[in-house]
Amino acid sequence: MFDDRIARAFGIQPAGVIALEGRMFMSNYRVRDQGGKWFFIKCCPSQQEVSHLNLQQKMHRHLRSELLPIPEMIPTQDGKSGFAYKGRLFTCFQFIPHDEKANPNVKGAGEMLARLHLSMKRCDINGTPWLASLQDIHQIKERLLPWLEELPLKAKTELDHQICREIPLIQKSFMEAEHLAEFLKSGSQWIHGDFNPNNVLTSCGKIVACIDFGDMSWGHPLEDVADAALMYFSVGQTNGTIRVNPEQCVQFLQGYVSVNQLHTAGVELLPIILQARCVRRLAYFAENYRFYSRMKDVQRILKGLLFFLRFYEDHPKVMDKLKKRMNKEEYLCWKK
1 MFDDRIARAF
11 GIQPAGVIAL
21 EGRMFMSNYR
31 VRDQGGKWFF
41 IKCCPSQQEV
51 SHLNLQQKMH
61 RHLRSELLPI
71 PEMIPTQDGK
81 SGFAYKGRLF
91 TCFQFIPHDE
101 KANPNVKGAG
111 EMLARLHLSM
121 KRCDINGTPW
131 LASLQDIHQI
141 KERLLPWLEE
151 LPLKAKTELD
161 HQICREIPLI
171 QKSFMEAEHL
181 AEFLKSGSQW
191 IHGDFNPNNV
201 LTSCGKIVAC
211 IDFGDMSWGH
221 PLEDVADAAL
231 MYFSVGQTNG
241 TIRVNPEQCV
251 QFLQGYVSVN
261 QLHTAGVELL
271 PIILQARCVR
281 RLAYFAENYR
291 FYSRMKDVQR
301 ILKGLLFFLR
311 FYEDHPKVMD
321 KLKKRMNKEE
331 YLCWKK
């Protein structure tokens with residue numbers, strides 16, 4: 001049940017409240033005030049750092065523009081970035097909902113995430129081209145490949161042997177990641193770093209705003225697609241295993257294609273992007289593998305990453321189907 005004290009903490013006199021399902025059994029709220037303005041109140045775990053919320057507030061002020069659907073983050077009446085109440089921490093955002101009819105083309109979270117990613121490609125925030133550096137990939141190779149070469153001699157667990165079977169595919173991914181770095185030498189983009197359905201505000205079936213920029217960074221122009229895919233394709237189970245829905249993988253890819261009007265050719269790179277992302281995370285865990293080898297969470301993540309490498313190796317028809325959506329002009333631009 002919504003408590004009016006939460007709204008009043010942000011100076012809102014509520015005239016109507018709609019509860020929205022959030023994460024960890026928490027509810028978020030869409031609130032209309034007596035003057036007709038709309039606000040989104042998000043519920044966070046109480047242990048979230050206030051300094052993190054202060055950073056988000058600065059990011060929201062810095063990033064706001066006509067090109068990006070980023071709402072103002074409303075401070076509390078005493079100037080704080082959040083309101084602590086009954087073991088929860090609440091943040092508030094003002095946004096303007098669409099007054100158009102519902103868009104029948106938005107189907108499911110996969111397409112919603114795809115639309116969000118595309119909305120973030122409209123503006124170069126820092127104004128300086130970011131060079132996708134091959135040096136980063138070379139450094140990862142220097143750390144990861146020696147470990148992979150030694151692993152067959154030291155393999156003990158089933159996970160060790162599973163990684164060994166995937167070594168040729170991981171090595172191939174390095175080659176494609178290097179190609180991708182060359183391809184993306186020009187252009188820059190900011191990366192949300194934590195986008196998911198809880199950080200998207202929708203109205204009438206359309207994305208009207210994106211929130212929570214505390215983990216934002218500048219970097220790989222398409223890296224967040226991989227983040228979204230990893231988040232959306234897999235669900236961690238309480239027993240330490242991972243459950244993957246291939247149909248949802250296809251839904252996300254199809255959703256990405258259906259709304260991508262500017263860089264459809266980028267869809268063809270999506271498997272490479274996912275592989276590059278997987279290689280980076282595999283390298284990170286390889287550095288700490290011996291220490292953490294018994295941790296179920298690390299094993300779950302490794303298994304999940306290996307699945308994505310294998311998925312695109314075994315399912316070329318998925319990408320063939322998507323490429324057919326490219327028109328001749330787009331394809332020729334891509335070939336250049």
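Using UniProt numbering, the letters of the sequence shown map in sequence onto residues 1 to 336.
Note that CB positions come from ideal geometry on N, CA and C, so glycine has one too.
- Pairing Glu-72 with Gln-94 gives a Cβ-Cβ distance under 8 Å.
- Bridge pairing for Ser-27: Glu-21 [DSSP].
- Of Leu-169, Cys-92, Leu-153, the smallest CA-CA separation from Asp-33 is found for Cys-92.
- Secondary structure note for Gln-162: its alpha helix (DSSP H) is the uninterrupted segment 158 to 165.
- Judged by DSSP in its simplified three-state form, Ala-155 adopts coil rather than helix or strand.
- Contact holds between the stretch 77 to 89 and the stretch 1 to 14, because three or more Cβ pairs, one in each stretch, are under 8 Å apart.
- For Ile-70, no alpha helix (DSSP H) segment is defined, and its DSSP state is neither H nor E.
- Lys-156 and Trp-147 have their C-alpha atoms some 14 Å from each other.
- For Ile-41, the uninterrupted beta strand (DSSP E) segment begins and ends at 38 to 45.
- In the DSSP annotation of this structure, the continuous segment of the alpha helix (DSSP H) that includes Asp-4 starts and ends at 4 to 9.
- Beta-bridge pairing by DSSP links Ile-74 to Cys-92.
- Proximity to Ile-18 across Arg-165, Leu-169, Val-31 peaks at Val-31, based on C-alpha coordinates.
- Shortest Cα-Cα distance from Phe-213 to any of Ala-7, Ser-27, Arg-61 involves Arg-61.
- The beta carbon of Met-26 sits closer than 6 Å to those of Cys-43, all from its chain and outside the five residues before and after it, given in chain order.
- Note on geometry: alpha-carbon atoms of Glu-166 and Ser-51 lie some 42 Å from one another.
- Relative to Arg-8, the option among Phe-90, His-161, Leu-159 whose CA is nearest is Phe-90.
- A direct Cα-Cα distance of roughly 8 Å separates Lys-141 from Phe-174.
- Residue Ile-41 holds the alpha-carbon nearest to the alpha-carbon of Asn-28 among Gly-36, Lys-37, Gly-35, Ile-41.
- In summary, Pro-45 is exposed, with fewer than 16 beta-carbon neighbours lying within 10 Å of its beta-carbon over all protein chains present.
- A distance below 8 Å between beta-carbons, with the five flanking residues on each side excluded, links Glu-21 to the following residues of its chain, in chain order: Ser-27, Asn-28.
- The secondary-structure analysis by DSSP pairs Pro-14 across a beta bridge with Asp-33.
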